[in-house]
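Colleague:
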Amino acid sequence: MTTIKFFPSLRNYTGHISISRNKKKSNIADFLSEWRADDDADDYFDLSKSNNYYRLNYSLITYLLINHQELFLNNFTKNELLNYLKDNMFYFKNSKIKEYEEYIEENDINKYIFFSEQLKNIQKLYKTILIKIPTCNSILTIHRDSKSRKKVEKIVLYRGFNYQRYEKILQDINIDSIITTETFLSTSIQKVVAIKFAYNYDDHNDINKHIVWKIIIEEDMFKIFNYTFISDEFNIEDDLLTLYLNSNIECEFILNMGAVLKCIAINACDFEGYYDLQYYEIPKKRYTEYTFKFMGWNNEYIDRVNNSINKCISYLK
């Protein structure tokens, strides 16, 4: 489990760091917090009109990165790009994406401009995390009692998956597999939160489709792992109900895209359920837990995606 006891708010360290969009400045913590918004299509596009830019939207960004790897990893010409987007922009719909697609069509929104703006958000989010967010070793308190201490500090993050939406990145993972995360991922210090979000529409009892990732970041990686903790300050000993009442239960880190993870264990697990009928419920379920060790960043993958995005944005002007 996580050995760090206290996680301060990122806002404590970003007071003077901002990001500008259409000449409007936002604090970096506010910008990252947009990631958690679950706007319906009406709200999202209304905000884009008033702000004159598209906010971060995790449903859109993860959908595009997961389902358009063919586009991001190949050198499309302009005509190939336009033909591809004409037929494939929303080819693998979930309910949220379908809602956005219908709004775009009904309101005559230029979907190529919309797509281009989402690509800019992908770049902006990646670069903001990489360049403007301090690393863990500059923020977290690490007890160094002696140079010969045997204890290695670590952060353990958990992620539960909506299987239908993330199926493409959950396949063919075995012990010793080394994977690169194709998208940004919301993760939590709280394992029970990840278990809550692990579900499958088709078969509620299929353990192979109830997936939780456990990601271990050891102390020697703190210097390259950015402190993307977008929740309020959190003590590892805070109980679940208190966190829920304080609207801080998710204890969330954003995992940047391009993380290199090595699978070191796969286990079938039983969760007996958590029920507080007045506040918070997580049903009993069986799930598969994949344990990964964070190995660093796949810069080659990131460069390929970034170069493709630059070309796409240029083509769509």
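Using this note's numbering, the letters of the sequence shown correspond one by one to residues 16 to 332.
Where is the CB? At the ideal position from N, CA and C, for every residue including glycine.
C284 by DSSP, collapsed to three states: which one?
Modeller: strand
Colleague: Report the partner residues of N223 according to the DSSP bridge assignment.
Modeller: According to DSSP, N223 bridges with nothing at all.
Colleague: Between F9 and the rest of its own chain, which residues show a CB-CB distance below 6 Å, the 5 nearest in sequence each way excluded?
Modeller: Only positions 16 to 332 of the chain appear in this structure, which leaves residue 9 out of reach.
Colleague: Sorted by chain position, which residues of the same chain lie with C-beta nearer than 7 Å to Y28's C-beta, five sequence neighbours on each side aside?
Modeller: P149, I154
Colleague: If you draw a straight line from the alpha carbon of R335 to that of N325, how long is it in whole angstroms?
Modeller: No statement about residue 335 is possible, as the shown extent of the chain runs from 16 to 332 and does not include it.
Colleague: Say whether the stretch 313-325 touches the stretch 268-286, bearing in mind that this needs 3 or more beta-carbon pairs closer than 8 Å, one atom from each stretch.
Modeller: yes
Colleague: Enumerate in chain order the residues of its own chain whose CB-to-CB distance from L172 is below 6 Å, with the five nearest sequence positions on each side excluded.
Modeller: Only T202, I230, F268 meet the Cβ criterion.
Colleague: In angstroms, rounded to a whole number, what distance separates the CA positions of K111 and I188?
Modeller: 27 Å
Colleague: Can you tell which of I32, P298, F60 has its C-alpha closest to the C-alpha of E120?
Modeller: F60
Colleague: When the Cα atoms are used, what is the spatial distance from Y99 to Y106?
Modeller: 10 Å
Colleague: Just the C-alpha distance for F307 and D123, rounded to the nearest angstrom, thanks.
Modeller: 44 Å
Colleague: Alpha carbon to alpha carbon, how far is I184 from I225? Give it in angstroms, no decimals.
Modeller: Rather than Ile, the amino acid found at residue 225 in this sequence is His. Here the alpha carbon of H225 sits roughly 14 Å from the alpha carbon of I184.
Colleague: In whole angstroms, give me the CA-to-CA distance for N82 and I32.
Modeller: Between N82 and I32, the C-alpha separation is close to 33 Å.
Colleague: With DSSP collapsed to three states, give me the class of C266.
Modeller: coil
Colleague: Taking the DSSP output, what are the residues bridged to C278?
Modeller: According to DSSP, which records beta bridges pairwise, C278 is partnered with F307.
Colleague: What does the Cβ neighbour count give for Y302, buried or exposed, with the cut at 16 atoms within 10 Å?
Modeller: buried
Colleague: Quick one: is E252 buried, meaning 16 or more other Cβ sit within 10 Å of its Cβ, or exposed?
Modeller: exposed
Colleague: Let me check understanding here. Comparing Cα to Cα, which of L62, I193, L25 lies closest to I279?
Modeller: I193
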